[in-house]
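Chemist: In the numbering used here, the protein residues as written are 3 to 120.
1) CB of residue 42 to nearest heavy atom of the ligand COA: below 6 Å?
2) Quick check on residue 75: buried or exposed, where buried means 16 or more other Cβ atoms within 10 Å of its Cβ?
3) Do you know how far the Cα of residue 112 is from the Cα of residue 77?
4) Going by C-alpha distance, which of 55, 104, 66 and 24 is nearest residue 34?
5) For residue 41, which of helix, strand or coil comes out of DSSP?
6) For the alpha helix (DSSP H) containing residue 53, name the first residue and the last one.
7) For residue 100 and residue 59, which I take to be in contact (beta-carbon distance under 8 Å), what is that distance rounded to the nearest angstrom?
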């Protein structure tokens, strides 16, 4: 709590400076091995999300990937949907290379990467 003493008719401004730099990371946990992949990104957006998934697909070497995500708008953007459609093109849903699931809103405890961030 800030307490400012001065004339009651004078406006008192208290400058608040946030010197933290915003940082964005994408992360994935292999639930079988416990291996974690963390990649920094310039921003959380569709382009960075697609780049991260491309890295995962490359590292998966033909294995299927299930992503469990929060409700970020770029996790369900048209650009991302188009990319996923191209990755899974021609496959039955049960054979998709990349499947995206959303966990309950406002419940980070369902997301295994949150344990890594902590």
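The beta carbon of each residue, even a glycine, is placed where N, CA and C say it ideally should be.
Modeler: Per the coordinate set shown:
1) Of the ligands one can find in the structure shown there are none, so the ligand COA has no counterpart to examine.
2) As a first step, residue 75 is located in the chain shown; it is residue number 73 there, counting from the start. Using a 10 angstroms sphere on the CB of residue 75, the tally of other CB atoms stays under 16, which defines it as exposed.
3) As a first step, residue 77 is located in the chain shown; it is residue number 75 there, counting from the start. As a first step, residue 112 is located in the chain shown; it is residue number 110 there, counting from the start. Each residue's CA atom was taken as its position, placing residue 77 and residue 112 some 16 Å apart.
4) Residue 34 sits at position 32 when you count from the first residue of the chain shown. Distance from the Cα of residue 34 is smallest, within the candidate group 55, 104, 66 and 24, for 66.
5) Translated into the one-based positions of the chain shown, residue 41 becomes position 39. Three-state result, residue 41: strand.
6) Taking the first residue of the chain shown as 1, we reach residue 53 at position 51. That run of the alpha helix (DSSP H) goes 48-62.
7) Mapped onto the chain shown, residue 100 falls at position 98. Mapped onto the chain shown, residue 59 falls at position 57. Indeed they touch by this definition, with Cβ atoms about 7 Å apart.
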